[in-house]
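K.L.:
Can you read through this structure? Questions will come right after.
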């Protein structure tokens, strides 16, 4: 029953850039988390910040191609006509929030991955925005993850079959939300997850920053808590690469047996001897992020 739904929380892939114009229409296709085109913009950000270490001091992280800030600068440098139309930049889940509530809002865990959040203060870094010559008016208001960011509009409620006015809370980026689901809400507990990318996620009661920027330090989707995270860009993506390029026999057999080809591939892998007789696979198919940040890997 609609009345049983007391609130809605949102989660989704991080770092992507949804650019909106004055009519709040999408200007161009979003630039996603695994897009590597912003190498020059990362260098520009570090230069404007006064160097890599000073940048890490401002926002707890170095400039990486997947983050949001380099994408905004890329649009400014490469599509100036589109950039001039921008009145709001949203993360993917927060565009859904806008469609549900009519509000421009985000929350601290996802905002951390923009490279524009002062992770220690859990608010936009005006210092870095000034150095990058970006107007903070294009960024949504930042909330804690459990805060109410708006309520369902009449139109959204009708489409969903829910009640107008149903609260919509901040939610969390995919990794932070998944970590809460896995109980990663206290120090000493770590999770490892695999999707297209692979992530190791550790909760922290206090902000801990690697001065070399080899791992990410973000706000957790738990009030006044943080997390440290490492991300390999091609984890499950490597398995997909194997299926597409080396798994022809398995794909044919799976079609014949009416099963998923990954079922056959993983069954074979389970029988391989530990160490695979010295065979190594380096999963650098779409660049790399941590601990060796190299978009050309």
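Residue numbers (my numbering): 203 to 499.
Just so it is clear, CB atoms sit at the ideal spot from N, CA and C, and this is done for glycine as well.
Along the chain, where does the beta strand (DSSP E) containing residue 469 start, and where does it finish?
P.N.:
Note, residue 469: premise wrong, no beta strand (DSSP E); alpha helix (DSSP H) at 463 to 472.
K.L.:
Please state if the CB of residue 435 and the CB of residue 368 are separated by a distance shorter than 7 Å.
P.N.:
No, the pair does not count as a contact, with Cβ atoms beyond the cut-off.
K.L.:
Have a look at the DSSP bridge pairing and note the partners of residue 210.
P.N.:
Answer is 370, bridged to residue 210.
K.L.:
Among 399, 386, 466 and 439, which one has its Cα closest to the Cα of residue 433?
P.N.:
Comparing Cα positions, the closest option is 399.
K.L.:
With 16 as the cutoff for other CB atoms within 10 Å, does residue 461 come out buried or exposed?
P.N.:
Counting Cβ neighbours within 10 Å, residue 461 comes out exposed, since fewer than 16 surround it.
K.L.:
Reducing DSSP to helix, strand and coil, say where residue 346 ends up.
P.N.:
Note: residue 346 maps to coil in three-state DSSP.
K.L.:
Should residue 350 be labelled buried (16 or more other beta-carbon atoms within 10 Å of its own) or exposed?
P.N.:
So residue 350 ends up on the exposed side.
K.L.:
Out of 284, 352 and 316, point me to the one whose CA is closest to residue 341's CA.
P.N.:
Taking only the C-alpha atoms, the option nearest residue 341 is 316.
K.L.:
Nearest to residue 346 by alpha carbon, out of 211, 228 and 298?
P.N.:
Taking only the C-alpha atoms, the option nearest residue 346 is 211.
K.L.:
For residue 265, which three-state DSSP category applies?
P.N.:
It is coil, neither helix nor strand.
K.L.:
Label residue 290 either buried or exposed according to how many other C-beta atoms from any shown protein chain fall within 10 Å of its C-beta, with 16 as the threshold for buried.
P.N.:
Buried, since its Cβ has 16 or more Cβ neighbours within 10 Å.
K.L.:
Can you name the start and end residues of the alpha helix (DSSP H) that residue 383 belongs to?
P.N.:
Per DSSP, residue 383 belongs to the alpha helix (DSSP H) from 376 to 383.
K.L.:
Compare the beta carbon distance of residue 375 and residue 216 with 7 Å and say whether it is the shorter of the two.
P.N.:
Yes. Within cutoff.
K.L.:
Mind the definition here: the stretch 462 to 470 touches the stretch 420 to 427 only if three or more C-beta pairs lie below 8 Å; say whether that holds.
P.N.:
No: fewer than three Cβ pairs fall under 8 Å.
K.L.:
Expressed to the nearest angstrom, what Euclidean distance is found between the alpha-carbon atoms of residue 288 and residue 294?
P.N.:
Roughly 16 Å between the two C-alpha positions.
K.L.:
If you scan the stretch 400 to 464 from start to end, which runs of the alpha helix (DSSP H) of 4 or more residues do you find wholly inside it?
P.N.:
Taking only runs of at least 4 residues, the alpha helix (DSSP H) segments lying wholly in the stretch 400 to 464 are 438 to 448 and 450 to 459.
K.L.:
Between which residues of its own chain and residue 365 is the CB-CB distance below 8 Å, once the five residues before and five after are set aside?
P.N.:
Excluding positions up to five away in sequence, the list reads 204, 205, 207, 354 and 359.
K.L.:
Helix, strand or coil: how does DSSP classify residue 364 here?
P.N.:
Coil at residue 364, not helix or strand.
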